[in-house]
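Asker: These protein sequences, in sequence, are chains A and B.
For the first sequence, this note's numbering assigns the number 1 to the initial residue and increments by one for each residue that follows.
For the second sequence, this note's numbering assigns the number 1001 to the initial residue and increments by one for each residue that follows.
Handing you a structure now.
Number of protein chains: 2
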Amino acid sequence: MPPRPSPERSPGATDEASSHVRAALLAAQQALRHAGVGPVIVLLVGPETAARGETADLLNAWMDPRGIVTRAWGKPSDEERERPPFWRYWRTLPSRGQIGLFLSGWYGPPILERAGRTLGKGAFDRRMARIAALERALADDGAVLVKCWLHVDHRKQRTRLESLAADPLRRWRAGKPQKHRLSLHRRVVAAWKRAAAVTGTEQAPWHVIDAAHRNQRHLAVATRVLEGINQALAAPAAPAQPPPAGTRGSQVAVPDHLGALDLSLAVDRERSRTALERQQGRLYRAQYRARERGVSTVVVCEGWDAGGKGGAIRRATAALDARYYRVIPIAAPTDEELAHHYLWRFWRHLSRAGQIVIFDRSWYGRVLVERVEGFAKPHEWRRAYDEIRQFEEQLVEHGTVVVKFWLHVSRDEQLRRFREREATSYKRWKITDEDWRNRKKWDDYVAAVNEMVTRTSTRRAPWTLVEGNDKRYARLKVVRTLADRLKRAARR
Amino acid sequence: MPPRPSPERSPGATDEASSHVRAALLAAQQALRHAGVGPVIVLLVGPETAARGETADLLNAWMDPRGIVTRAWGKPSDEERERPPFWRYWRTLPSRGQIGLFLSGWYGPPILERAGRTLGKGAFDRRMARIAALERALADDGAVLVKCWLHVDHRKQRTRLESLAADPLRRWRAGKPQKHRLSLHRRVVAAWKRAAAVTGTEQAPWHVIDAAHRNQRHLAVATRVLEGINQALAAPAAPAQPPPAGTRGSQVAVPDHLGALDLSLAVDRERSRTALERQQGRLYRAQYRARERGVSTVVVCEGWDAGGKGGAIRRATAALDARYYRVIPIAAPTDEELAHHYLWRFWRHLSRAGQIVIFDRSWYGRVLVERVEGFAKPHEWRRAYDEIRQFEEQLVEHGTVVVKFWLHVSRDEQLRRFREREATSYKRWKITDEDWRNRKKWDDYVAAVNEMVTRTSTRRAPWTLVEGNDKRYARLKVVRTLADRLKRAARR
């Protein structure tokens, strides 16, 4: 983006119309912060970078910058490259009550790659479908997307650069980057048109803005942002929309996966000891190879209270190098986490290439405890199946191994373990009234688990249901499964 | 770290002594979380990696893992390399109420580099002095550091590896990494001894633990951690210690820097326009070169309310490419930020190589508003001068350009601007009762600013005091100074 005069310099920024919008914008922004709704995500996209930056400056000048997150993205860092493409955007998403000014945002890379012909039409369209899903997930969560295409006519732009280049004092505004931009101008416009065809949804429409005249542009964008803020204020709760036919909440038969498990499976102490040692050896070697190949692994551990998650996780980590794995125990979210889409707190923990991150409880809480306890509204947990599939697909497409365990025990076995824990001084803390309350809702949880497995067990991110009444058997199965999956991935 | 058997397997982990410690640890951990004090940072350092990982597993098994952050560090990512060495540790520091288990932590790299002879003694000692300062800053803030050296005898370790290598089932526990470790054993011990000489302070002493026998080791470490938690619980508030002689809070004459400024300085509209355009051009080119050379820049903007910070920042950013700068407006801290050392929220915003990050208000709030309003206790803001110098020195040593502005206006000029703002609909929000309150404390702020400049203006991170009664002059000076500093840095 070429440097630019400050917005205050433009006379229009002080004329009556703008001062009205300006005052209204401010009031709306304050209301947005106090209501803690939104966020409002403004995407400034266009062939000519000066317009984007200038407009961002203006909005920062007109509103309280403490409530605005302005971002533009250059080359991805290796930390970004080692995670799915959207990670860099998730990590900078504004929180509720805030406004995000994203210059090009997630449209930047694909449009430039398409303009540079390094991205085929098919791949481009798939990227756009992925973007549409992201924007839908954000919008469903109460975010408002204000997507502005700042249109500049190619001829006008060329003339402008020529006149700048002729002025010794302003020549620096018409350097190589600007000229390169101009050469791509037409292709960028074409790529955007293709993008808009897929991503111009009812929830997140595109606004085409004539960016040739600065004041006009400023006023138009500011007005769009104002509308966006008011929209967020008007709809504080996520819109309750009936799940459309198809994947989202469609009626599928839900088999009794848990009932089908043989909980009598067990291994005797002696066999299990050598077997576990052998599996840990396999896991160790497999993770070593996976690391060499930069394969990341995401492990999800879900299961009943006292189902044996902790013990199983420790049997696995005992075979891993502490530098290359991380266990993320999911406790109560912080206020920063509560102020974002529920998947944000999981995105922020995704590990780098070659690493293993183990989630002790996970995003599935949305369709388990949040569903059963009513923390999430039905339309929220229903659409979560789709959001979770989208999330895990991105991991898998990125080459990440996704391993998901449900540690299952019978209701009687759980009772036995609760009692045992209460009898042991240093285990008592593990048993809370909540555990007893959850236990009362056993059948609701069974229904939730069965539906979760039905809707989110995919070929590349399958659920592994672990028969857990015998701890030794369960731990062995967890370590072996992990070793198998890693070995296969490292071989690819 | 080589894989290891899980702690539960060790008989000792269940004997009476340990079950006592285990129960006590749990109770203490709960108390720590509820009291929200600490954090307790446990550093497990030693020549033999297995012992570290095993001990971390044990502590995770014995306590509630949701309150524990376990970390070990491998090769730094480029995002980490592009920031001062401690950034990677700051970004993972546990918050109050939590326990951090750092395997090797900040001692790992220097000790290994020293053992590998890639780090000279002098450089090593300087790194240790830096570490001592970091640990002091954390301890002063209420953190408790439990630094354990897990000692393993070289001969015993060799014998152990040999017996493992002889067992086909356990051979994988004695692979190349373990053998390499063994070869470095003696040098690692020597390097640690050198480290301990500098970093074994009263606030953060070293505990030498015999790691040969697992149960003994587990019990010893657990006991140390328990003591650490209790220490944190016993001293909820940061220890109020009289600042020692020397830099910290020593009595130096504080000249009236602000009074010495000539606030009549001004430029006329016409001259300023072309001059600003010229300086923006210089800034644009300088930042371009700085980016090429990977030079990062940190800009601090402090000043009176209505001193013109925002306008000056926008004049500078108008000449910058939005992909390569970020403005961080410092608003109220989030609860995640409040739960950490006050510098944590600034560390987390440090930018990557070649980038400019502009702090609109900064860590200097500690010695300005927090001092004047009494949010920080005297011993807190007094020691902050030293902490801030340490922080900025790290930036400078890393090659970052540190530019600090204080935008100064006269008390009358401020009044004029307050009134003007109140008269303009879209500027009224900028004036709050707080601003009027602060204004009443003008003289206290003057004293705080003068002392701040005296104590924190260093050769490589100097303060630039800006005569701000004339906005045009102030903006020009800010942009010119920034261009000068960047140009010089890019030339180096």
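Built from N, CA and C at the ideal position, the CB exists for glycine as well.
From a predicted model like this one, the values you see are computed outputs, not experimental measurements.
What do you get for residue 391 of chain A, buried or exposed, if any count of 16 or more other CB atoms within 10 angstroms of its CB means buried?
Answerer: By the C-beta density criterion, residue 391 of chain A is buried, having at least 16 other C-beta atoms within 10 angstroms.
Asker: Work out the CA separation of residue 101 of chain A and residue 1322 of chain B for me, nearest whole Å.
Answerer: 11 Å
Asker: Near residue 1339 of chain B, which residues of its chain fall below 6 Å by C-beta distance, leaving aside the five closest residues on each side in sequence?
Answerer: Answer for residue 1339 of chain B: 1095, 1096, listed in chain order.
Asker: Under 8 Å between C-beta atoms, does residue 285 of chain A make it to chain B?
Answerer: yes
Asker: Locate the alpha helix (DSSP H) running through residue 1258 of chain B, then write down its first and last residues.
Answerer: Per DSSP, residue 1258 of chain B belongs to no alpha helix (DSSP H) and is neither H nor E.
Asker: Might you give, ordered along the chain, the residues of its own chain that have their beta carbon closer than 7 Å to the beta carbon of residue 1261 of chain B, omitting 5 neighbours on each side?
Answerer: Result list for residue 1261 of chain B: 1408, 1465, 1467, in chain order.
Asker: Considering only their Cβ atoms, is the gap separating residue 232 of chain A from residue 59 of chain A smaller than 8 Å?
Answerer: In this structure, residue 232 of chain A does not lie closer than 8 Å to residue 59 of chain A by Cβ.
Asker: Mapping DSSP to helix, strand and coil, what is residue 325 of chain A?
Answerer: strand
Asker: Between the Cα of residue 417 of chain A and those of A/291, A/405, A/305, A/327, spot the shortest distance and give me the residue it belongs to.
Answerer: Of all alpha-carbon atoms in A/291, A/405, A/305, A/327, the one lying nearest the alpha-carbon of residue 417 of chain A is that of A/305.
Asker: Name the chain A residues that come within less than 9 Å of residue 1425 of chain B, Cβ to Cβ?
Answerer: 19, 20, 22, 23, 26
Asker: Taking the alpha helix (DSSP H) that residue 1430 of chain B belongs to, which residues open and close that run?
Answerer: Premise fails: residue 1430 of chain B is in no alpha helix (DSSP H) and is neither H nor E.
Asker: For residue 281 of chain A, return the contacting residues in chain B, with the cut-off set at a CB-CB distance below 9 Å.
Answerer: Listed by position along chain B, the residues whose Cβ is nearer than 9 Å to that of residue 281 of chain A are 1003, 1169, 1170, 1171, 1172, 1173.
Asker: Is there at least one Cβ from chain B nearer than 8 Å to residue 305 of chain A's Cβ?
Answerer: no
Asker: Let me check one thing: in DSSP terms, what residues is residue 1149 of chain B bridge-paired to?
Answerer: In DSSP, residue 1149 of chain B forms a bridge with B/1045, B/1208.
Asker: Assuming residue 1103 of chain B and residue 1044 of chain B are in contact, meaning their beta carbons sit under 8 Å apart, how far apart are those beta carbons, in whole angstroms?
Answerer: That pair is a contact at about 5 Å.
Asker: Run the proximity test for residue 1393 of chain B: is its beta-carbon closer than 7 Å to any non-hydrogen atom belonging to the ligand NAD?
Answerer: The ligand NAD is not among the ligands present in this structure, which contains no ligands whatsoever.
Asker: Measure the C-alpha to C-alpha separation of residue 1245 of chain B and residue 1105 of chain B and round it to an integer number of angstroms.
Answerer: A caution first: residue 1245 of chain B carries a pLDDT of 43, below 50, which makes its placement in the model unreliable, though a value can still be read off. Roughly 30 Å between the two C-alpha positions.
Asker: Among residues of its own chain, excluding the 5 on either side of residue 247 of chain A, which ones have a beta-carbon nearer than 8 Å to its beta-carbon?
Answerer: Its pLDDT being 46, under 50, residue 247 of chain A is placed unreliably by the model, and the measurement read from it follows with that caveat. 385, 386, 389, listed in sequence order.
Asker: At the 8 Å Cβ level, is residue 57 of chain A part of the contact set with chain B, yes or no?
Answerer: yes
Asker: Going by DSSP, what residue range makes up the alpha helix (DSSP H) through residue 336 of chain A?
Answerer: 335–338
Asker: With distance defined between alpha-carbon atoms, name the residue in B/1437, B/1325, B/1342, B/1326 nearest to residue 1332 of chain B.
Answerer: B/1342
Asker: Sort A/415, A/117, A/55, A/86 by Cα distance to residue 436 of chain A and report the nearest one.
Answerer: A/415
Asker: I want to see whether chain A comes within less than 8 Å of residue 1087 of chain B, judged by CB atoms only; does it?
Answerer: no
Asker: As a quick exercise: from A/146, A/92, A/295, A/119, pick the residue whose alpha carbon is nearest that of residue 485 of chain A.
Answerer: If we check each option's Cα against that of residue 485 of chain A, A/295 comes out closest.
Asker: Classify residue 1264 of chain B: buried if its beta carbon has 16 or more other beta carbons within 10 angstroms, exposed otherwise.
Answerer: Taking every protein chain shown into account, the CB of residue 1264 of chain B has fewer than 16 other CB atoms within 10 angstroms, so this residue is exposed.
Asker: Check the DSSP bridge columns for residue 1071 of chain B and list the partner residues they point to.
Answerer: In the DSSP assignment, the residues bridged to residue 1071 of chain B are B/1102.
Asker: Any C-beta of chain A sitting closer than 8 Å to the C-beta of residue 1074 of chain B?
Answerer: yes
Asker: Per DSSP, which residues does residue 408 of chain A bridge with? Please list them.
Answerer: Residue 408 of chain A is bridged by DSSP to A/467.
Asker: List the residues of chain B that residue 336 of chain A touches, going by C-beta distances under 9 Å, in chain order.
Answerer: 1334, 1335, 1336, 1337
Asker: Counting pairs of beta carbons, one from the segment 1283–1302 of chain B and one from the segment 27–38 of chain A, are three or more of them closer than 8 Å?
Answerer: no
Asker: Please list, in chain order, all residues of the same chain as residue 156 of chain A whose beta carbon is under 7 Å from its beta carbon, the five residues on each side excluded.
Answerer: 212
Asker: Could you tell me which whole alpha helix (DSSP H) segments of length 4 or greater appear in the segment 101–188 of chain A?
Answerer: 108–115, 121–140, 154–166
Asker: Any chance you could list the beta strand (DSSP E) runs of at least 3 consecutive residues sitting entirely within the segment 275–312 of chain A, in chain order?
Answerer: Runs of the beta strand (DSSP E) inside the segment 275–312 of chain A: 297–303.
Asker: Around the Cβ of residue 1293 of chain B, are there at least 16 other Cβ atoms within 10 angstroms (buried) or fewer (exposed)?
Answerer: Under the 10 Å beta carbon count, residue 1293 of chain B is surrounded by fewer than 16 other beta carbons and is classified as exposed.
Asker: Keeping to the same chain, check which residues put their C-beta closer than 8 Å to that of residue 275 of chain A; ignore five residues upstream and five downstream.
Answerer: 267, 476
Asker: Given residue 139 of chain A, which residues of its chain have a CB within under 7 Å of its CB, disregarding the five upstream and five downstream residues?
Answerer: 145, 203, 204
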